[in-house]
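Have a look at the structure below before the remarks.
Residue numbers (this note's numbering): 10 to 289.
Below, the structure written as structure tokens:
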């Protein structure tokens, strides 16, 4: 064999080896990509409802920071207006004394302020939900300590408890967890106050603009939750009040003029809310 032939043969071997290396590299890259995708898919499947709930809570808290500032700034003005109205009608709020408690989120917090219900037990907190209502320590007792709603209820003479929760839970992915936590909250309250009357209120709808432009705060989801709450109330034999009857328009939306942000009610509609509770 000539030197030229040997060179060609060796060159062919080198080319073959290079091709094998290239093919092997491609196969390895494809395999790595598939493994990576499978890992990502597995990670997605492993995301728990609690993790998604935490993301939802963060969104809620960010949106409620602005509301907290608004409530703080308006509190003095509204208090003066309520003081003047109470002077004109001293018996206006006699049904809601210190034997009545309200448990709720920022919507109920604004309601108590605008309705002038100063004497009731205020268990409202921005961002409050059916699960955190049992664990969050935001009530200040006589010793200046922060305690939970249940801990404070145990020390108070409460006959009636109004509850409205659910707007902050609209981002939860499992409805059964929401209603299970709601039932658990009621059961725990009854353990502390077995003779009190619990009145569950429906979630008030949001405005049409808010509903159509938000994947979380929308009236289809609110209606779905309200049906669950109503069924729960019937099962447990507790009173259910449908606030949509008085606060929603014919299409089931919160009227545009009822709210500046599409969610929280202004004073006029809080007064309608109060009147409805008095008559029901």
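C-beta: ideal position from N, C-alpha, C; glycine also.
- The alpha helix (DSSP H) runs lying completely inside the segment 93 to 170 and spanning 4 residues or more are 115 to 124, 141 to 144, 158 to 162, given in chain order.
- Per the coordinates, the alpha-carbon of residue 159 lies some 7 Å from the alpha-carbon of residue 198.
- For residue 247, the secondary structure class from DSSP, reduced to helix, strand or coil, is coil.
- The Cβ neighbour count for residue 104, taken over all protein chains shown within 10 Å, is under 16; the residue is labelled exposed.
- Going by DSSP, residue 188 is part of the alpha helix (DSSP H) stretching over 184 to 201.
- In this structure, the alpha-carbon of residue 219 lies about 31 Å from that of residue 130.
- When DSSP reads this structure, residue 208 sits in a beta bridge with 171, 248.
- Around the beta carbon of residue 246, fewer than 16 other beta carbons lie within 10 angstroms, which makes this residue exposed.
- Under DSSP, residue 268 shares a beta bridge with 274.
- It is roughly 30 Å from the alpha-carbon of residue 240 to the alpha-carbon of residue 123.
- Between residue 139 and residue 190, the beta carbon gap of about 4 Å places them in contact (Cβ cut-off 8 Å).
- Remark: C-beta atoms of residue 184 and residue 211 do not approach each other more closely than 7 Å.
- By the Cβ test, the segment 143 to 158 is not in contact with the segment 222 to 238, since fewer than three Cβ pairs between them sit closer than 8 Å.
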